[in-house]
Amino acid sequence: MLFSSLAIPGGPRLAGFLLSMGLSLSASAATDALVEPQNLIVDRSLSAEQASASILAARRYDTFWHTGNETFAREALAPTFIDKTPPAGRKQGPEGPLLASRAFRQAVPDLTCTVEQMLVVGDRVVVHLRFRGHFSGSFDQLKGQGQAVEFIATDIYQVEQGKIVANWHIEDNLTLFKQLGAL
């Protein structure tokens, strides 16, 4: 497979890259509202349509985690979305991540998410994420004191027809729970 790798500090560079590959973004995806990966690697054997749709779905879902705006998740996730690695008690379908985000934002209201890497290969998008914020709310029985939290996660999205149909994910919960004071 042939791959293209580049750092992407701004939207115009992403749009330019995609256009150079013969790809295009819809008007909603070209806005500055969506998070952008710091590094993007795209399998050049993908069709322009498939690569564009996969990148757009991933950016929408990552923007949901960055902002908490559920519209982005609803645009990104298929109605039949399956979480392949859910924590105990997490509801399946698009509602699961929505509930998880709401609950975590009760603990860390200023949560942000940076996409450090995005790899687009076949029907998969792999993202390496870095979450940051301050624990100023409540998490289970714990009450935050405004302490900083920072942890990483890696997700593998399966994309079909421009929607994420499945997600495998792992978070650095050991680091997170230490920062929250749970360990």
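Add 29 to the 1-based position in the sequence shown for the numbering used here, that's all there is to it.
The C-beta atom is built at its ideal place from N, Cα and C for all residues, glycine as well.
**Item:** Element boundaries [alpha helix (DSSP H), containing Arg131]
**Value:** Reading the sequence shown from its first residue, position 102 is the one you call residue 131. Arg131: member of the alpha helix (DSSP H) spanning Glu124 to Ala136, first to last residue.
**Message:** With H, G and I counted as helix, E and B as strand and the rest as coil, what does DSSP make of Thr204?
**Reply:** The sequence position of residue 204 within the sequence shown is 175, counting from 1. Of the three classes helix, strand and coil, the one that applies to Thr204 here is helix, per DSSP.
**Item:** Beta carbon of Phe101 nearer than 7 Å to that of Phe93
**Value:** If you number the sequence shown from 1, residue 101 lands on position 72. If you number the sequence shown from 1, residue 93 lands on position 64. Cβ atoms of Phe101 and Phe93: closer than 7 Å.
**Prompt:** In this structure, does DSSP put Leu140 in helix, strand or coil?
**Reply:** Indexing the sequence shown from 1 puts residue 140 at position 111. In the structure shown, Leu140 adopts coil according to DSSP, grouped into three states.
**Asked** Can you name the residues that DSSP bridges to Lys192?
**Response** Start at 1 with the first residue of the sequence shown, and residue 192 comes out as number 163. Paired residue(s): Glu189.
**Prompt:** Does the stretch 131-145 come close enough to the stretch 107-123 to have 3 or more Cβ pairs within less than 8 Å?
**Reply:** Put simply, the stretch 131-145 does not touch the stretch 107-123. Fewer than three CB pairs are less than 8 Å apart.
**Asked** My guess is that Tyr90 and Ile181 are in contact by the Cβ rule of under 8 Å, so how many angstroms apart are they, rounded?
**Response** Within the sequence shown, numbered from 1, the residue matching residue 90 stands at position 61. Within the sequence shown, numbered from 1, the residue matching residue 181 stands at position 152. In this structure, Tyr90 and Ile181 do not form a Cβ contact; the two beta carbons are roughly 17 Å apart against a cut-off of 8 Å.
**Asked** To the nearest angstrom, how far is it from the Cα of Ser55 to the Cα of Glu124?
**Response** In the sequence shown, the residue the question calls residue 55 occupies position 26. In the sequence shown, the residue the question calls residue 124 occupies position 95. Any reading at Ser55 must be qualified, since the residue scores a pLDDT of 43, below 50, and its modelled position is unreliable; no value is offered.
**Message:** Mapping the DSSP letters down to three states, classify Ala102 as helix, strand or coil.
**Reply:** In the sequence shown, residue 102 corresponds to position 73, counting from 1. Ala102: helix per DSSP, three-state reduction.
**Prompt:** With a Cβ-Cβ cutoff of 7 Å, do Gln187 and Arg153 count as a contact?
**Reply:** As a working note, residue 187 is residue 158 in the sequence shown. As a working note, residue 153 is residue 124 in the sequence shown. For the pair Gln187 and Arg153, the CB atoms are nearer than the 7 Å cut-off.
**Request:** Just the C-alpha distance for Leu75 and Gly151, rounded to the nearest angstrom, thanks.
**Result:** Within the sequence shown, numbered from 1, the residue matching residue 75 stands at position 46. Within the sequence shown, numbered from 1, the residue matching residue 151 stands at position 122. For the pair Leu75 and Gly151, the Cα-to-Cα distance works out to about 7 Å.
**Item:** Leu209 and Phe164 closer than 7 Å at C-beta
**Value:** By one-based count along the sequence shown, residue 209 stands at place 180. By one-based count along the sequence shown, residue 164 stands at place 135. Cβ distance < 7 Å, so Leu209 and Phe164 count as in contact.
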